[in-house]
Structure formats: C-alpha cells, structure tokens
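Shown next, in structure tokens, is the structure this report addresses.
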Amino acid sequence: MSGATDIVDLFVIGGGVNGAGITRDAAGRGLSVILCEKDDLAEGTSSRSGKLVHGGLRYLEYYEFRLVREALIEREVLLESAPHIIWPMRFVLPHSPDDRPAWLVRLGLFLYDHLGGRKRLPGTRTLNLRTAPEGAPIKDAFKRGFEYSDCWVDDARLVVINALDAAERGARIFTRTACTAAHRENDLWSVEMRDSRTGVRTTVRARALINAAGPWVNDIINRVVGQNSKRNVRLVKGSHIVVPKFWEGRQAYLVQNRDKRVIFINPYQNDLALIGTTDIPYEGRPEDVTADASEVDYLIKIVNRYFKRELARDDVIYSFSGVRPLYDDNADNPSAVT
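Here you go:
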C-alpha cells in the first residue's frame, strides 16, 4: 500500500525496550499507534544488556538521587507485573578499602534500600566473607562484604511481550520495516516506511512522532527527518563476556575496580557467568559494534583481582556489545553520564 491513507495518533520509530514500552502504554490509553523497527524487536541494545532491572546503585555517587528513586520504583512495578521474566537476585559486593570506604558503601546501600519504597525484596546485610558461603570463591584478602537485592530480566523477551501486549491493545507493529522519511504537513507528520523484505513503501500520517531509535536516534533526526539535533547524544559502548560459571550458588557479584567503575558478575543460563560491562565512548556504526580485546582483558583483570579461580582469554565462550545513547553533558567519565 502506498499513499497517505492512514492517520494515527502516534508513530513510534524503534522496536527496542523504549519503543515497545511507549507503544504499549499509548495503546493501553486508547491511542492508535504504529511502531516500525528496521530489524527485529530488541535486535539492538535492548538484547545486549547486562540483563538487569536495577536502580543504578553507582549513580548515587554522582548525587542522582531522583534518577535512582524513579528506577527503583519502576523495578518494583516490573517485578510485580512480570514475575515470569523478572526474578529477584542477591548481589554480593566484596569490600576493598582501597576503592571506597566501608561507611560510604553502607550509606549508599542504605539509601538504595529506602529511596524507592522497597516492598518485595530483602534488604542489605553485612557479610563476613571468611565464614559466609557467598565468600567462598573470593580471595582471602577480602574479608568483609555486603549483600543487597536487585533483579534479573530476560531483556529481549521483555521487549517482545510489551510489543505483543501493545498489539493486543490495537497497536500495529511492523518489523523489518525502516522509517525512510518523515516531515510535517500542517498539523500532522507524514511518515514513509519501507518493508525490507518486499520493498513496498507505505505512507501514514500521525499526530505525533516519537524517535525511540536508540543509538540511531541522531541518524533518524538528521537523515530521515532532515533536521539537526538540538541536543548532543553521546554513544557509549558496553561490552560483556560469557564464561563458564566458577562459583556455587545463585548469587551474583558486584566488584569495584581501582578506576572507580563497578562490574557485575552474574549467573547466566544455568552453568555460565555473564561479566560486564565496560563504558567506552563509541563513534562507529551501532550495527558494527564488537568487544575489543582490550575490553576482554579489562574484565578478566577485574575478576582475577577478586576471585580465587582466575580467568584467562581461553575461558571466554563469547562476548557481545551494545551501544547506549546518552545525553551528552560533557562529562569526562562515560560512567557518570546518565
């Protein structure tokens, strides 16, 4: 079908977690919605995450209290509404006095426990790593730790079920369909889509247009809409490695590096471990992103600082990377960008 024959309330570009979530929310409020995604649902950053639903503990260090509170509240909402794909997980944080003082870590965890009205998850506790079973894989140099709660999520499935629910509420979801042009016509947006499988182009009109294209957000503004972005977007690459699981139990670990970054070490798919993430400025095409050897070595080095079972490159089964689009506030440290 071609020609401007369709008028909808909302046109959403991007089939990641943001696009699917916006589409579901809008359709649930009675709006007519179209979502178009140039590849498949969750094909980009939304399936290349650390698989966590969390409040952003590290952002407390940058005084982002409102951000953390809002994220913690949403964590509770998601845990209650989707317990089939979101599970509670306990995280062990071995303490190193060389990185952050214990009182500061404990204060941060106290705030983390209380900022978001935690109801369903157990709170923080202090661990003696020499006697607690959770400390068994940790090197003897680390004697004290903390254990707190967050959640694990099947990230790609979260996107898909949001899109399915949106479709059940009347939204139309187009995958393998790129938005190729968009411009204003009086009070409406005229938007052109192209199905990559058939080559068929379709034009629709929308009362509002949402750009949820993830790391392609500037490309949509510049190339498709033909405008210049009024705000800078910084692309930050985050890489993970997957190795055989090397500890007993279902708990995860959060370790601090000397550069003040934190790394998650999570149980993954029964007998594997997911380790990440890095934070590196990225200037390439989002679809070409891969984990560099230096990132793999960086993650291995941090793990080996804490764990008795040291890793080598040969332990890495595979790696993956995602690109996050973040508002560029000119911060020198990518980890500080929210």
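In my numbering, the protein residues as written are 6 to 343. Glycine included, every Cβ here is placed at the ideal spot set by N, Cα and C.
Coil, strand or helix - W252 by DSSP
coil
Mapping the DSSP letters down to three states, classify A257 as helix, strand or coil.
strand
From the DSSP output, in three-state form, read off T50 for me.
helix
Give a yes or no on contact between the region 229-238 and the region 27-37, applying the rule of three or more CB pairs nearer than 8 Å.
no
Determine the direct distance from the alpha carbon of L279 to that of S299, and round the result to whole angstroms.
17 Å
Specify, as a first and last residue, the run of the beta strand (DSSP E) that V229 falls within.
Unbroken run through V229: none, as it is neither H nor E.
Please state if the CB of G49 and the CB of G21 are separated by a distance shorter than 8 Å.
yes
Looking at W194: is its Cβ nearer than 8 Å to the Cβ of A218?
no
Short of 6 Å in beta carbon distance, which residues of its chain neighbour Q274, apart from the five on each side in sequence? Order them along the chain.
none
Status (buried if at least 16 other CB within 10 Å, exposed otherwise) for R263
exposed
Identify every residue that forms a DSSP beta bridge with V97.
E152, Y258
Which same chain residues end up closer than 7 Å to Y311 when comparing Cβ atoms and leaving out the 5 residues on each side of it in sequence?
P99, I143, K144, F147, V260
Member of H188, Y68, P291, K265 whose CA lies at the smallest distance from the CA of R239:
P291
Short Cβ contact (8 Å threshold) for R199 with T180
no
Taking just the CA atoms, how far does V58 sit from I78?
11 Å
Using a Cβ-Cβ cut-off of 8 Å (strictly less than) and excluding sequence neighbours within five positions of V38, which residues of its own chain qualify?
V13, D14, L15, F16, V17, T28, A31, A32, A171, G175, A176, R177
Specify, as a first and last residue, the run of the alpha helix (DSSP H) that R74 falls within.
70-86
Option nearest V294 by Cα separation, candidates F269, S324, R266, G128
S324
With distance defined between alpha-carbon atoms, name the residue in V301, I91, G122, R329 nearest to D319.
V301
Where F16 sits in the DSSP three-state scheme
strand
Have a look at S54 and D160 and give me their C-alpha separation to the nearest angstrom.
7 Å
Are three or more beta carbon pairs between the region 125-134 and the region 150-168 nearer than 8 Å?
yes
Could you tell me if N167 is buried or exposed, where buried requires 16 or more neighbouring beta carbons within 10 angstroms of its beta carbon?
buried
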